[in-house]
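Just below is one structure, and these are the notes that go with it.
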Amino acid sequence: MREALRAVAALIAVTLLAYPFTITGLSRGYVALSVPAVLFVLSGLLLWSEGAVTVSAAALVFPYVVVLAAEDRPVDVLAPVAAALLVCYVVIADTAISVPPSTALDAAFLRDLAARCAGVIVLALALGAVLLAVSALPLPDSQVARSLGIGAAALALGAPVWLLTAGQPRKTRRKRFRARP
Amino acid sequence: MTFRSAPQLTRLVALAAPLLLGALVLGRVELVVLAAPLLALGCAGLLDRDPELDVELRLSALRCLEGQHVVATVRVTASATGGRPDQVDIDLRLHPRLRPLGPTRLTVALEPGGSRDVTVAVAPTRWGVYDVGPVTVVAHGRRRTSSGWTARPGVPLRVVPDLADFRAGDAHPFHRALTGTHATPAPGEGVEFAGIRPYLPGDPLRRVHWRSSNRLGQLHVTQHRVERNAEVVLLVDTFDDVGPAGRTSLDIGVRAALGIADHYLSRGDRVGVVTFGGTTRWLVAGAGGVQRHRVVEHLLGVEVGLSYAWKDIGLLPARCLPPRALVIALSPLLDPRATTAFADLAGRGHGVVIVDTAPDEALPQARSAHYALAERIYLMEREATIQRLSEIGAPVVRWSGRGSLDAVLVEVARLHQRPRALRR
Numbered sequence: 002m003r004e005a006l007r008a009v010a011a012l013i014a015v016t017l018l019a020y021p022f023t024i025t026g027l028s029r030g031y032v033a034l035s036v037p038a039v040l041f042v043l044s045g046l047l048l049w050s051e052g053a054v055t056v057s058a059a060a061l062v063f064p065y066v067v068v069l070a071a072e073d074r075p076v077d078v079l080a081p082v083a084a085a086l087l088v089c090y091v092v093i094a095d096t097a098i099s100v101p102p103s104t105a106l107d108a109a110f111l112r113d114l115a116a117r118c119a120g121v122i123v124l125a126l127a128l129g130a131v132l133l134a135v136s137a138l139p140l141p142d143s144q145v146a147r148s149l150g151i152g153a154a155a156l157a158l159g160a161p162v163w164l165l166t167a168g169q170p171r172k173t174r175r176k177r178f179r180a181r182p
Numbered sequence: 022m023t024f025r026s027a028p029q030l031t032r033l034v035a036l037a038a039p040l041l042l043g044a045l046v047l048g049r050v051e052l053v054v055l056a057a058p059l060l061a062l063g064c065a066g067l068l069d070r071d072p073e074l075d076v077e078l079r080l081s082a083l084r085c086l087e088g089q090h091v092v093a094t095v096r097v098t099a100s101a102t103g104g105r106p107d108q109v110d111i112d113l114r115l116h117p118r119l120r121p122l123g124p125t126r127l128t129v130a131l132e133p134g135g136s137r138d139v140t141v142a143v144a145p146t147r148w149g150v151y152d153v154g155p156v157t158v159v160a161h162g163r164r165r166t167s168s169g170w171t172a173r174p175g176v177p178l179r180v181v182p183d184l185a186d187f188r189a190g191d192a193h194p195f196h197r198a199l200t201g202t203h204a205t206p207a208p209g210e211g212v213e214f215a216g217i218r219p220y221l222p223g224d225p226l227r228r229v230h231w232r233s234s235n236r237l238g239q240l241h242v243t244q245h246r247v248e249r250n251a252e253v254v255l256l257v258d259t260f261d262d263v264g265p266a267g268r269t270s271l272d273i274g275v276r277a278a279l280g281i282a283d284h285y286l287s288r289g290d291r292v293g294v295v296t297f298g299g300t301t302r303w304l305v306a307g308a309g310g311v312q313r314h315r316v317v318e319h320l321l322g323v324e325v326g327l328s329y330a331w332k333d334i335g336l337l338p339a340r341c342l343p344p345r346a347l348v349i350a351l352s353p354l355l356d357p358r359a360t361t362a363f364a365d366l367a368g369r370g371h372g373v374v375i376v377d378t379a380p381d382e383a384l385p386q387a388r389s390a391h392y393a394l395a396e397r398i399y400l401m402e403r404e405a406t407i408q409r410l411s412e413i414g415a416p417v418v419r420w421s422g423r424g425s426l427d428a429v430l431v432e433v434a435r436l437h438q439r440p441r442a443l444r445r
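Written as structure tokens, this is what we have:
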């Protein structure tokens, strides 16, 4: 069953890699750009280590980011779908790594995993839709709007830092006992 | 169970942070859309609670016979007050001599307050004491952003060897003063008929044999043999263990030892065990049902230990080898240290019977003419060793189950009941 999970993750990776071509078409430049990404993804799928999966997930979105940076295009309304695929890939790949080899998977666990994937897909689609809708709002070029934007950016950049620090176990300070002279 | 942040949390941050930076630099909202669910997943995980799990390992029986199987149950219970465990990996490790009849690794999901039983039937492949476990449980919680593990120690399973079928006659070289079931040559109160002799003053009238008295015209009485109990010491040779799995020399020796001990203990005799080999252990002779359990426990711990130390019976305490005990040695007769010890015992006046436990398949298949020659030389040397042991009063007999010791026991009893010339 672990192999089945890996196959599902690989399928999602292929879909996500092919997604930028729906925007640009099969141009030579983007095909050449996606070759190293494919190599990273393949190495991630073959190595199946924690680091390799993280690198492969980054490689999956790299062509899409390049396409968005290079092409002056209108807002991609299908971005929430890409986000849903990315988060689904991360969840399934993490599960596939953490299951020890030659381990039987319980049917209830698989149902639970499917429900979790459905949950994160709905979450990604809903969040994406909300963000796209907010970005499409016509805001006046005022001091308040700029302050709100800067605040949101600071919040967005502070969130990963908070996640990293809050996830670490708290260090308890040990009392030092000194021998009395 | 202590939980720590899992690699998934680092992965989510490592993916989301560059996307957010890219969104700011490039001014593209799509990158925020990509990063938002990753951040949301991480935040939801951190706001959740760690699961609390309780793990229990139980066995359907702590003892079983060879060929039987026991059921190991691992119960994982999630506390209702803790968070929800997204993934629980259960890994039950077994001793190599225990064969699982089902998967021992399982990944399950649990609800808070729920529990899950994982049952695995375990079939031991050999007698002995083996650990079922330890069981390791790895849990992922907080939407896979934290993970922790816990373990429970293994439960020892005692696999009792098959009882070899054994019966033996009354012949015994030595007898103790207590009443038992072995008929001695000495006349006295007993059940075993010894003969008819003329009446002597003091003989009880109920012993008068009227038929003989009528025929011979003089009072005659029946004579009986006194029945006494005996002491048996089982000497198990653990220098070597040869033969195919399940029928090795040690398997045969231990099963035979258990059968012999069971036979003599059921007749009220005292039985002791000495394990003579790489590691030397002993069990002082005793009688009764408790001693039977002690013998079983002692034999369960028998194993071959590699040792180059020259060992003789001098290192055994005197009470392990009482002077008037019958020593039944169970040995494949492969190690000269063992054969020397048996000869030493016979020389010290013990009644020694050696049971050859080497299986027929102990020798490897002949692969060449040179091998056939070497095999002949080996068999001749072995024959000479057996002959030498028999000559010094330690007869060797092959183990064949019920009644296999009857003939040699009569021989040893006769050997030790003949008058001896004492050197003064």
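Heads up: the protein sequence lines correspond to chains A and B, in order. Going by my numbering, the first residue of the first sequence is number 2, and it counts up by one from there. Going by my numbering, the first residue of the second sequence is number 22, and it counts up by one from there. Just so it is clear, CB atoms sit at the ideal spot from N, CA and C, and this is done for glycine as well. Since this is a predicted model, take the numbers as computed values, not measurements.
What would DSSP say about G372/B, mapped onto helix, strand or coil? Here residue 372/B is taken as the residue at index 351 of the second sequence, counted from 1. Of the three classes helix, strand and coil, the one that applies to G372/B here is strand, per DSSP.
For G104/B, would you say it is in contact with chain A, using Cβ-to-Cβ distances shorter than 9 Å as the test? If you number the second sequence from 1, residue 104/B lands on position 83. Chain A, which has no Cβ nearer than 9 Å to the Cβ of G104/B, makes this no.
Determine the direct distance from the alpha carbon of R105/B to that of L36/B, and round the result to whole angstroms. Against the second sequence, residue 36/B aligns to sequence position 15. Against the second sequence, residue 105/B aligns to sequence position 84. For L36/B and R105/B, the distance between alpha carbons rounds to 25 Å.
By the 10 Å Cβ neighbour count, where 16 or more other Cβ atoms means buried, how is Q239/B classified, buried or exposed? For the purposes of this step, residue 239/B is taken as the residue at position 218 of the second sequence. Under this definition Q239/B is an exposed residue.
Residues in the region 111 to 124 of chain B with C-beta within 8 Å of chain A's C-beta atoms, listed in sequence order? D112 and P124
Among all the DSSP beta bridges, which residues are the ones paired with H161/B? Taking the first residue of the second sequence as position 1, residue 161/B is located at position 140. In the DSSP output, where bridge partners are listed per residue, H161/B has Q108/B and S168/B.
Give, in chain order, every residue of the region 238 to 264 of chain B whose Cβ lies closer than 8 Å to some Cβ of chain A. none
Quick check: A99/B and S136/B, are their CB atoms within less than 9 Å of each other? Residue mapping note: residue 99/B aligns to position 78 of the second sequence, counting from 1. Residue mapping note: residue 136/B aligns to position 115 of the second sequence, counting from 1. Going by C-beta atoms, A99/B is nearer than 9 Å to S136/B.
Please compile the residues from chain B whose C-beta is within a distance smaller than 8 Å of the C-beta of L69/A. Translated into positions along the first sequence, residue 69/A becomes position 68. Under the 8 Å cutoff, chain B gives L47, R49, E51 and L52.
Just to make sure I have the definition right: I need the residues of chain A whose C-beta is within less than 7 Å of the C-beta of G63/B. Which are they? The residue given as residue 63/B occupies position 42 in the second sequence. Near G63/B (Cβ distances below 7 Å), the residues of chain A are L164.
Counting along the chain, where does the beta strand (DSSP E) carrying L30/B start and finish? Taking the first residue of the second sequence as position 1, residue 30/B is located at position 9. It is not in any beta strand (DSSP E) - L30/B instead sits in the alpha helix (DSSP H) that spans P28 to L47.
Would T259/B pass as a contact of V181/B if the rule is Cβ separation under 9 Å? Locating residue 259/B in the second sequence gives position 238, counting from the first residue. Locating residue 181/B in the second sequence gives position 160, counting from the first residue. Going by C-beta atoms, T259/B is not nearer than 9 Å to V181/B.
Whole angstroms is fine: what's the gap from P37/A's alpha carbon to T269/B's? Here residue 37/A refers to the residue found at position 36 when the first sequence is read from its first residue. Here residue 269/B refers to the residue found at position 248 when the second sequence is read from its first residue. A straight line joining the alpha-carbon of P37/A with that of T269/B spans about 60 Å.
Is the beta carbon of D186/B less than 9 Å from the beta carbon of E87/B? If you number the second sequence from 1, residue 186/B lands on position 165. If you number the second sequence from 1, residue 87/B lands on position 66. No, the Cβ-Cβ distance between D186/B and E87/B is not below 9 Å.
Looking at chain B, which residues of the region 119 to 151 of chain A have a Cβ within less than 8 Å of any of its Cβ atoms? V121, L124, A125, L128, G129, L132, L133 and S136
Are the C-beta atoms of A38/A and some chain B residue less than 9 Å apart? Sequence index remark: in the first sequence, residue 38/A carries index 37 (1-based). No - not a single Cβ of chain B is within 9 Å of the one on A38/A.
Please give me, in chain order, every unbroken run of the beta strand (DSSP E) with length at least 3 that falls completely inside the region 259 to 346 of chain B. 291 to 298 and 302 to 307
Can you pull the chain B neighbours of D95/A, defined as C-beta to C-beta under 9 Å? Against the first sequence, residue 95/A aligns to sequence position 94. What D95/A touches in chain B: A27, P28, Q29, R32, H161 and R165.
List, in order along the chain, the chain B residues whose C-beta lies closer than 8 Å to that of T23/A? Taking the first sequence and counting its residues from 1, the one referred to as residue 23/A is at position 22. Neighbours of T23/A on chain B: none; closest Cβ ~13 Å, over 8 Å.
Compute the distance between the beta-carbons of A282/B and V316/B, then report whether it is under 9 Å. Translated into positions along the second sequence, residue 282/B becomes position 261. Translated into positions along the second sequence, residue 316/B becomes position 295. Contact: yes.
Taking only beta-carbon positions, decide if V76/A is within less than 9 Å of chain B. The count along the first sequence starts at 1 and reaches residue 76/A at position 75. For V76/A, at least one C-beta of chain B is nearer than 9 Å to its own C-beta.
Endpoints, the beta strand (DSSP E) within which S136/B is located: As a first step, residue 136/B must be located in the second sequence, where it is residue number 115. First-last of the beta strand (DSSP E) with S136/B: S136 to P145.
In terms of DSSP beta bridges, what is D75/B paired with? The residue labelled residue 75/B in the question sits at position 54 within the second sequence. Partner(s): T98/B.
What does the Cβ neighbour count give for D272/B, buried or exposed, with the cut at 16 atoms within 10 Å? On the second sequence, position 251 is the one that residue 272/B refers to. Its Cβ being crowded by 16 or more others within 10 Å, D272/B is buried.
Please list, in chain order, all residues of the same chain as L133/A whose beta carbon is under 8 Å from its beta carbon, the five residues on each side excluded. Taking the first residue of the first sequence as 1, we reach residue 133/A at position 132. Result list for L133/A: V76, V78, A80 and P81, in chain order.
Counting C-beta neighbours from all protein chains within 10 Å, is the total for I151/A 16 or more, i.e. buried, or is it exposed? If you number the first sequence from 1, residue 151/A lands on position 150. Exposed.
When you compare each of A10/A, A5/A and R3/A to Y90/A by their alpha carbons, which one comes out closest? Residue numbering aside, residue 90/A sits at position 89 when the first sequence is read from its first letter. Checking every option, the nearest Cα to that of Y90/A belongs to A10/A.
The alpha helix (DSSP H) that contains P121/B, what's its start and end? For the purposes of this step, residue 121/B is taken as the residue at position 100 of the second sequence. That residue, P121/B, is in no alpha helix (DSSP H); its beta strand (DSSP E) goes L119 to P121.
Would you call the region 50 to 68 of chain A and the region 28 to 44 of chain B in contact, with 3 or more CB pairs under 8 Å? yes
If L86/A and M2/A are in contact, beta carbons under 8 Å, what's the gap, nearest whole angstrom? As a working mapping, residue 86/A is identified with position 85 in the first sequence. As a working mapping, residue 2/A is identified with position 1 in the first sequence. About 22 Å separates the two Cβ atoms, so there is no contact after all.
Distance CB(E73/B)-CB(R96/B) smaller than 9 Å: If you number the second sequence from 1, residue 73/B lands on position 52. If you number the second sequence from 1, residue 96/B lands on position 75. No, these two residues do not count as a Cβ contact at 9 Å.
For a cutoff of 9 Å on Cβ pairs, would you count D365/B as touching chain A? Position 344 of the second sequence, counted from the start, is the residue given in the question as residue 365/B. By this cut-off, D365/B is not an interface position.
Contact under 9 Å by Cβ, R163/B with F24/B: Along the second sequence, read from residue 1 onward, the residue named residue 163/B stands at position 142. Along the second sequence, read from residue 1 onward, the residue named residue 24/B stands at position 3. Their beta carbons are under 9 Å apart, which means R163/B touches F24/B by this criterion.
Buried or exposed for T296/B, going by 16 or more other Cβ atoms inside 10 Å? Along the second sequence, read from residue 1 onward, the residue named residue 296/B stands at position 275. It is buried - the Cβ of T296/B has at least 16 other Cβ atoms within 10 Å.
Looking at the C-beta of F110/A, does it have a partner C-beta in chain B at a distance below 9 Å? Start at 1 with the first residue of the first sequence, and residue 110/A comes out as number 109. Cβ-Cβ to chain B under 9 Å: yes for F110/A.
Is it right to say Q29/B is buried, meaning 16 or more other beta carbons lie within 10 angstroms of its own, or is it exposed? Mapped onto the second sequence, residue 29/B falls at position 8. Classification for Q29/B: buried.
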